[in-house]
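In the working numbering, the protein residues as written are 568 to 905.
As C-alpha cells, the structure follows; a few thoughts come after it.
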Amino acid sequence: MTNQTVTVIVGGFYGDEGKGKIVAAVASREKPTVVARAGVGTNAGHTIVHENKKYGIRQIPSAVFDCPDAKFVIGPGVLVDPIIAVTEIKTLGLTKDNIAIDNHCPIIEDHHITQERANYNLMHKIGSTGSGSGAAWADHVMRSGPIARDNTFLTEFVGDAVGIVHGAIERNENVLIEGTQATFLSLYHGEYPWCTSKDVCASSLCADVGVGPLHIKDVIVVFKAFITRVGNGYLENEISVEEMKERGWDEYGTVTGRPRRAAPFDFKLAKKSIMLNSASKIAICKVDVLFPEVEGITEKEHLSTRCLEWIKSIEDGCGIPVYCIGTGPDAKHTVFMC
Ligand code: GTP
Ligand code: IMP
Ligand code: MG
568 MTNQTVTVIV GGFYGDEGKG KIVAAVASRE KPTVVARAGV GTNAGHTIVH ENKKYGIRQI
628 PSAVFDCPDA KFVIGPGVLV DPIIAVTEIK TLGLTKDNIA IDNHCPIIED HHITQERANY
688 NLMHKIGSTG SGSGAAWADH VMRSGPIARD NTFLTEFVGD AVGIVHGAIE RNENVLIEGT
748 QATFLSLYHG EYPWCTSKDV CASSLCADVG VGPLHIKDVI VVFKAFITRV GNGYLENEIS
808 VEEMKERGWD EYGTVTGRPR RAAPFDFKLA KKSIMLNSAS KIAICKVDVL FPEVEGITEK
868 EHLSTRCLEW IKSIEDGCGI PVYCIGTGPD AKHTVFMC
C-alpha cells in the first residue's frame with residue numbers, strides 16, 4: 568500500500584496569491600513533519616507575518632514559525648542562491664538539525680544575476696525579477712552549472728532532502744510541498760514568453776522534491792479574492808491603478824517592490840488552474856479585502872452571510888470545496904471551512 572501523506576500547495580493564478588501564509592496556516596493545522604520548498608528559486612517571495620513582524624522569504628519553507636518541530640528542506644529541483652539561503656537560515660534561527668538543502672540543488676551565482684539584469688528582453692519585455700534564476704537554470708540544463716554539494720559556503724546545511732521526505736512518507740507522517748510562482752507563470756502552461764523559466768504546476772512541484780503522484784493526498788490550489796500579476800503579459804479585465812487603490816487591491820512585489828497589476832477573480836482561469844493541477848481543495852487569501860467585516864476572523868461561524876454566499880459561489884463555479892480562507896496577513900487569520 569502506497570502511503571498518501573503529501574499535500575501540495577500550488578499557486579492558482581499569476582503568483583503572490585498568499586502561498587506563504589497558506590503554507591504556514593495549513594502546517595499549523597496538519598502538523599507535517601517535513602515541509603519541502605519546490606518551484607523555481609529566489610525569484611519567489613513569500614510573505615509571512617509572525618508576531619506583527621513581516622518576513623519576505625525567498626528560499627526557506629514558510630512554515631518555520633507555525634510548525635517549529637518540522638524538518639525544512641529544499642528539493643533538488645529548486646535553485647539556491649547561497650547568500651540568500653544562509654542569511655534566511657540565520658535570520659529564522661534554523662540550524663543544520665532542522666534544515667536540509669538537497670545536494671543536487673542548482674546554484675545561482677553572481678554572474679547569473681549580472682547576465683539577467685543586462686538582458687533587455689528579460690528585464691523590459693518579460694519583466695523578470697532579475698534574480699538570476701533563468702540564467703542559472705539554463706546553465707543547469709546545459710549541465711555546466713554548480714550544484715549544492717560543490718558549494719563550500721553551504722556545506723553545513725546540505726543533505727539528502729529527498730531521503731528526508733521519503734522517510735516521513737514511509738512513517739506515514741504528513742509532508743507539505745510548498746510551491747512558488749503559479750500556474751499561469753509556468754513555462755509550459757503560462758503565456759509564453761511572459762512566464763518564468765520552469766513549469767511550476769503541481770506535478771512539477773512534486774518532481775522538484777522527488778515525490779511521485781501516488782503519494783499525493785491533496786493538492787491545494789491557492790487563489791486570491793482578486794487576481795494580481797507583477798511583470799508584463801496579458802491580464803484579462805485589468806483595472807486601472809486608481810481603481811486598484813480605491814478598492815484596496817494595490818500591492819507591491821516582495822522581491823522587487825514593483826507595483827502589482829490587478830483584475831477581478833476569474834472563474835475561467837480558476838477552472839483551468841484546477842484542471843492543470845488536479846486540485847482537490849481551494850484556499851483563498853485576502854477575503855478580508857472584499858469583505859472588511861471578516862478581517863481577523865478565525866471561526867467559520869463568525870463569517871458574514873454575504874461572505875459565506877460568496878464562498879459558496881466560488882465552490883459552485885469551481886466544482887471543488889473551499890478548504891480555507893485568509894482574513895488577514897497573519898497565518899492565524901485563517902478560517903478553515905471543513
Ligand atoms: P510567490 O511565490 O512569490 O508567488 O508569493 P506568495 O503566493 O507567497 O504571495 P506574497 O507573499 O508575495 O503576496 C501575498 C500578499 O498578501 C502578502 O503581502 C501577504 O502578507 C498578503 N496576504 C496573504 N494572505 C492574506 C489575507 O488573507 N489577507 C490580507 N489582507 N493579506 C494577505
Ligand atoms: P523571472 O522568473 O524572475 O525571470 O520572471 C519572469 C516573470 O515571472 C516575471 O513576470 C516575474 O514578475 C514573474 N515571477 C517570477 N516569480 C514570481 C513570483 O514568485 N511571484 C510573482 N511573479 C513572479
Ligand atoms: Mg510573492
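Beta carbons: idealized from backbone N, C-alpha and C, even for Gly.
Since the structure is predicted, the reported quantities are computational estimates derived from the model, not experimental observations.
Runs of beta strand (DSSP E) lying entirely within the segment 789-862, each at least 3 residues, in chain order: 793-796, 828-831 and 848-852
Check: ALA611 C-beta below 7 angstroms from any heavy atom of the ligand MG: Start at 1 with the first residue of the sequence shown, and residue 611 comes out as number 44. At least one heavy atom of the ligand MG is nearer than 7 angstroms to the Cβ of ALA611, so yes.
From PRO599, ALA715 and ILE881, residue whose alpha carbon lies closest to that of PRO635: Here residue 635 refers to the residue found at position 68 when the sequence shown is read from its first residue. It is PRO599 whose Cα lies nearest to the Cα of PRO635.
Contact under 8 angstroms by Cβ, GLY800 with GLU758: Position 233 of the sequence shown, counting from 1, holds the residue named residue 800. Position 191 of the sequence shown, counting from 1, holds the residue named residue 758. Yes, they are a contact pair.
Exposure of HIS679, with buried meaning 16 or more beta-carbon neighbours within 10 Å: Within the sequence shown, the letter at position 112 stands for residue 679. Buried, because 16 or more other Cβ atoms sit within 10 Å of the Cβ of HIS679.
Whole-angstrom C-beta distance between VAL789 and GLY585, which should lie under 8 angstroms: On the sequence shown, position 18 is the one that residue 585 refers to. On the sequence shown, position 222 is the one that residue 789 refers to. Rounded, the Cβ-Cβ distance is 6 angstroms, consistent with contact.
Proximity test, ALA749 beta-carbon vs the ligand GTP heavy atom, cut-off 7 angstroms: Here residue 749 refers to the residue found at position 182 when the sequence shown is read from its first residue. At least one heavy atom of the ligand GTP is nearer than 7 angstroms to the Cβ of ALA749, so yes.
CA nearest to the CA of ILE674, picked from LYS838, SER695, SER711 and VAL640: Stepping through the sequence shown from its first residue, residue 674 is reached at position 107. It is SER711.
Test item: CB-CB of VAL640 and LEU772 under 8 angstroms: Residue 640 sits at position 73 when you count from the first residue of the sequence shown. Residue 772 sits at position 205 when you count from the first residue of the sequence shown. No. Outside cutoff.
Other residues of its chain near PRO628: CB distance less than 6 angstroms, five sequence neighbours each side excluded: Locating residue 628 in the sequence shown gives position 61, where the first residue counts as 1. These residues qualify, in order along the chain: VAL602, ARG604, PHE639 and GLU745.
Buried or exposed (CB count within 10 angstroms, at least 16 for buried), VAL708: The count along the sequence shown starts at 1 and reaches residue 708 at position 141. So VAL708 counts as exposed.
Segment contact, 8 angstroms Cβ cut-off, at least three pairs: the segment 603-619 with the segment 763-783: yes
Short Cβ contact (8 angstroms threshold) for CYS672 with ILE624: By one-based count along the sequence shown, residue 672 stands at place 105. By one-based count along the sequence shown, residue 624 stands at place 57. Not closer than 8 angstroms, so no.
Boundaries of the alpha helix (DSSP H) in which ASP706 is found, first to last residue: Within the sequence shown, numbered from 1, the residue matching residue 706 stands at position 139. From DSSP, the alpha helix (DSSP H) with ASP706 extends over 700-708.
Per-residue DSSP class, three states only, for ASP883: Taking the sequence shown and counting its residues from 1, the one referred to as residue 883 is at position 316. If DSSP states are grouped into helix, strand and coil, ASP883 belongs with the helices.
Pair within 8 angstroms by beta-carbon distance, ASN844 and THR750: For the purposes of this step, residue 844 is identified with residue 277 of the sequence shown, where counting begins at 1. For the purposes of this step, residue 750 is identified with residue 183 of the sequence shown, where counting begins at 1. A contact, by the Cβ cut-off of 8 angstroms.
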